Amino acid sequence: MTKGSGADQDQSEATSRPTREEAEAAVRVLLRWAGDDPNREGLLETPSRVVRSYEEFFSGYAQDPREILARTFSEVDGYDEMIVLKDIRFESYCEHHMVPIIGRAHVAYLPEHRVVGISKLARLVDAFAKRLQIQEKMTAQIADTLNEILQPKGVGVILEAAHQCMSTRGVHKPGVEMVTSRMLGTFRTDPSTRREFLSIVSNSTAYNVPNT
Numbered sequence: 039m040t041k042g043s044g045a046d047q048d049q050s051e052a053t054s055r056p057t058r059e060e061a062e063a064a065v066r067v068l069l070r071w072a073g074d075d076p077n078r079e080g081l082l083e084t085p086s087r088v089v090r091s092y093e094e095f096f097s098g099y100a101q102d103p104r105e106i107l108a109r110t111f112s113e114v115d116g117y118d119e120m121i122v123l124k125d126i127r128f129e130s131y132c133e134h135h136m137v138p139i140i141g142r143a144h145v146a147y148l149p150e151h152r153v154v155g156i157s158k159l160a161r162l163v164d165a166f167a168k169r170l171q172i173q174e175k176m177t178a179q180i181a182d183t184l185n186e187i188l189q190p191k192g193v194g195v196i197l198e199a200a201h202q203c204m205s206t207r208g209v210h211k212p213g214v215e216m217v218t219s220r221m222l223g224t225f226r227t228d229p230s231t232r233r234e235f236l237s238i239v240s241n242s243t244a245y246n247v248p249n250t
């Protein structure tokens with residue numbers, strides 16, 4: 039999912055988006071629905087705080103992931119080995135229950151001609167994480183965008199995360215972690231490349247995803 043794909047879509051999204059006042063009113067409705075009084079002292083500022091929090095939680099909707107990767111470099115002195123950024127902590131929100139997904143991402147690519155600054159890989163993860171998500175889709179979005187913009191020999195992405203929709207509701211299984219991956223190019227077709235990536239990841243601390 040990307041930021042608006044055209045002027046008509048951007049205009050439609052802008053005109054249909056509720057105002058801050060409408061968003062705060064919706065929070066007050068939810069507080070009443072939960073059985074509390076939004077007019078009591080402890081909750082008076084809660085609607086505005088929730089709306090400000092949502093602006094941070096879902097800031098990814100205001101970012102175009104492709105623009106994050108727009109600046110690339112070709113002068114790498116012939117470097118043609120795997121580039122891996124591992125243990126990228128991310129916080130996202132389940133699109134089914136709107137509760138946190140907390141985990142780490144491992145992003146790798148085998149450059150063809152160009153590379154990107156390492157901070158851009160972390161920003162790419164955040165651009166997709168700061169939205170309502172399911173982990174499978176987020177994994178594919180990161181890999182596909184990196185592959186589209188850099189056009190490397192291959193891309194590998196692994197996400198490991200704990201989902202509060204499993205730990206605090208429903209089946210109530212804290213400590214359960216979900217692992218998803220997407221391999222493109224040589225990461226899919228060349229077993230040795232894939233093994234190298236998986237070996238690097240397995241030596242990380244990412245398997246100790248914080249329990250939520």
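Residue numbers for the sequence shown follow our numbering, beginning at 39 and rising by one. Cβ coordinates follow ideal geometry from the N, Cα and C atoms, glycine included. This one's a predicted model, so the numbers in the text were calculated from it and none came from an experiment.
Check	Outcome
Complete runs of the beta strand (DSSP E) confined to the region 172 to 226 [at least 3 residues]	192 to 201 and 215 to 223
For Glu59 and Pro76, the rounded distance between their alpha carbons	15 Å
Met120 and Leu148 closer than 8 Å at C-beta	yes
Among His210, Ile196 and Thr227, the one whose alpha carbon lies nearest that of Ala143	Ile196
Cβ shell of Leu123 (< 6 Å), same chain only, five flanking positions each side left out	Val145, Ile156 and Leu159
At least three beta-carbon pairs within less than 8 Å, the region 169 to 179 to the region 122 to 137	yes
Rounded straight-line distance, which links the Cα of Leu184 to that of Thr177	11 Å
Spatial neighbours of Lys211 in its chain, beta-carbon cut-off 7 Å, leaving aside the 5 residues before and after	Met204 and Ser205
CA-to-CA distance, Met216 to Gly116, given in whole angstroms	37 Å
Element boundaries [beta strand (DSSP E), containing Lys124]	Ile121 to Cys132
Contact set for Ile126: own chain, Cβ-Cβ below 8 Å, skip 5 residues either direction	Arg142, Ala143, His144, Val145, Leu159, Ala160 and Val163
Under 8 Å between C-beta atoms of Ala262 and Ile140	Absent from the model: residue 262. The displayed extent of the chain is 39 to 250, so no value can be given.
Residue from Thr227, Asp228 and Thr218 with nearest C-alpha to Val239	Thr218
Beta-carbon proximity list for Gly194, same chain, < 6 Å, skipping 5 on both sides	Ala146, Met221, Phe225 and Phe235
Same chain, Cβ closer than 8 Å to Glu150, five either side skipped, listed in chain order	Leu188, Gln189, Pro190 and Lys191
Ala108 (DSSP reduced to helix, strand or coil)	coil
Unbroken beta strand (DSSP E) run spanning Ala143, endpoints	Pro138 to Leu148
Under the three-state DSSP convention, the category Leu170 falls into	strand
CB-CB length for Val89 against Ala72, believed under 8 Å	Their Cβ separation, rounded to whole angstroms, is 17 Å, which puts Val89 and Ala72 out of contact at 8 Å.
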